[in-house]
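A short write-up of the structure that comes next.
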Amino acid sequence: MKRVGIVGNGPKGQLPTLLDYQEKMDFWIGADRGALYLAEQGITIDVALGDFDSVSENEYTIIEKHAKVFDKHPVMKNQTDLEIAIDMGIEKEASEFYFFGVTGGRMDHALMNIQLLYPLLQQGKRAVIIDKGNYMEMFEPGTYAVEPEGYFYISFLSFTSEVTGLTLTGFLYPLENQTIHWGSSLCISNELSQKKGTFSFCKGILILVKSFDAV
1 MKRVGIVGNG
11 PKGQLPTLLD
21 YQEKMDFWIG
31 ADRGALYLAE
41 QGITIDVALG
51 DFDSVSENEY
61 TIIEKHAKVF
71 DKHPVMKNQT
81 DLEIAIDMGI
91 EKEASEFYFF
101 GVTGGRMDHA
111 LMNIQLLYPL
121 LQQGKRAVII
131 DKGNYMEMFE
141 PGTYAVEPEG
151 YFYISFLSFT
161 SEVTGLTLTG
171 FLYPLENQTI
181 HWGSSLCISN
191 ELSQKKGTFS
201 FCKGILILVK
211 SFDAV
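Note that full-length UniProt numbering has the sequence shown beginning at 1, numbered continuously upward.
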């Protein structure tokens with residue numbers, strides 16, 4: 001099992017402390033300005049890639065200095081820098097992808113980045129988005145354990161038009177064999193009633209979001 005941390009160029013204020021995740025990652029990829037964020041937190045950049053259109057000349061030099069591999073791409077291209085980073089992670093045979101700096105900025109980018117979890121799920125990869133106050137992961141049908149891990153709220157959203165057979169145990173608001181649809185708020189802002197809970201469902205693709213209120 002190989003874990004890759006990929007850092008995008010979302011707003012710096014939305015980043016968690018990347019050093020908290022350093023020991024969990026086998027290698028780091030900085031996409032565009034995300035490479036600068038890694039350098040600023042003192043994390044060695046295994047691969048820095050992208051068109052680097054969001055950095056200054058001085059920042060560009062800093063990235064080059066801290067990156068083991070520097071892979072520059074043209075501005076005019078058919079993939080986002082994040083997609084190129086995902087391809088690099090697949091090439092390096094990563095089985096788990098952790099994304100940072102991919103939310104909190106432009107809404108079109110954030111929505112696209114969330115959708116990028118789906119093709120990774122289809123390939124049997126684990127894919128997680130983490131920002132300063134949120135943890136997001138996508139699931140296929142099955143039974144899963146869930147722990148708070150420092151988060152307070154746990155929400156479930158349907159990525160497909162519906163998710164059927166959703167059952168929640170160990171939650172303040174339990175469910176049994178329910179169907180949720182696009183636009184349903186039934187599973188928003190739930191909480192665990194014990195240290196660990198479980199969720200299961202029969203059909204569809206489910207998004208799990210763990211979060212806490214910003215202070």
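Each residue gets a CB set at the ideal place from its N, CA and C atoms; glycine is no exception.
Kindly list the residues whose CB is nearer than 7 Å to the CB of residue i, restricted to its own chain and excluding five residues on each side of it in sequence; keep chain order.
i    : result
E140 : L121 and I205
T143 : T198 and S200
W182 : S158 and S161
Q22  : I43
M1   : S95 and E96
Would you mind giving the Cβ-Cβ distance between residue i and residue j, rounded to the nearest angstrom? I have them listed as a contact below 8 Å.
i   : j    : result
E91 : L208 : Not a contact, Cβ separation roughly 28 Å.
D51 : P74  : 6 Å
Please return the same chain residues whose Cβ sits closer than 6 Å to the Cβ of residue i, not counting the five positions on each side in sequence.
i    : result
F212 : G133, Y151 and F152
G30  : V7, L38, I45 and A48
A35  : I45, A48 and I63
K210 : Y135, Y151 and I154
L186 : I180
Q178 : L166
When DSSP builds the beta bridges, which residues end up paired with residue i?
i    : result
S200 : T143 and T167
Q79  : Q79 pairs with nothing; no bridge assigned.
G104 : According to DSSP, G104 bridges with nothing at all.
N190 : I154
Q115 : Looking at the DSSP assignment, Q115 forms no beta bridge with any residue, so it has no partner.
S95  : The partner list for S95 (beta bridge, DSSP) is empty, contrary to what the question assumes.
L208 : E137 and F156
G5   : W28 and Y98
H181 : E162
L175 : L168
Short of 8 Å in beta carbon distance, which residues of its chain neighbour residue i, apart from the five on each side in sequence? Order them along the chain.
i    : result
T17  : Q41
K196 : A145, V146, E147 and G170
N190 : Y153, I154, S155, F156, L168, F171, L172 and Y173
L19  : Q41, G42 and I43
Checking contacts by CB at 8 Å: is residue i closer than that to chain C?
i   : result
A35 : Among the protein chains of the structure shown there is no chain C, as only one such chain exists.
Could you name each continuous alpha helix (DSSP H) segment of 4 residues or more that falls completely within the stretch 15-72, going from the start of the chain to the end?
33-40 and 57-66
Is the stretch 7-19 close to the stretch 99-119, with three or more CB pairs under 8 Å?
yes
Unbroken beta strand (DSSP E) runs of length 3 or more, entirely within the stretch 121-165: which are they?
126-130, 134-139, 142-146 and 153-158
Cβ pair count under 8 Å reaching 3, the stretch 59-68 against the stretch 78-93:
no
Within the chosen definition, does the stretch 172-188 reach the stretch 116-130 through at least 3 CB pairs nearer than 8 Å?
no
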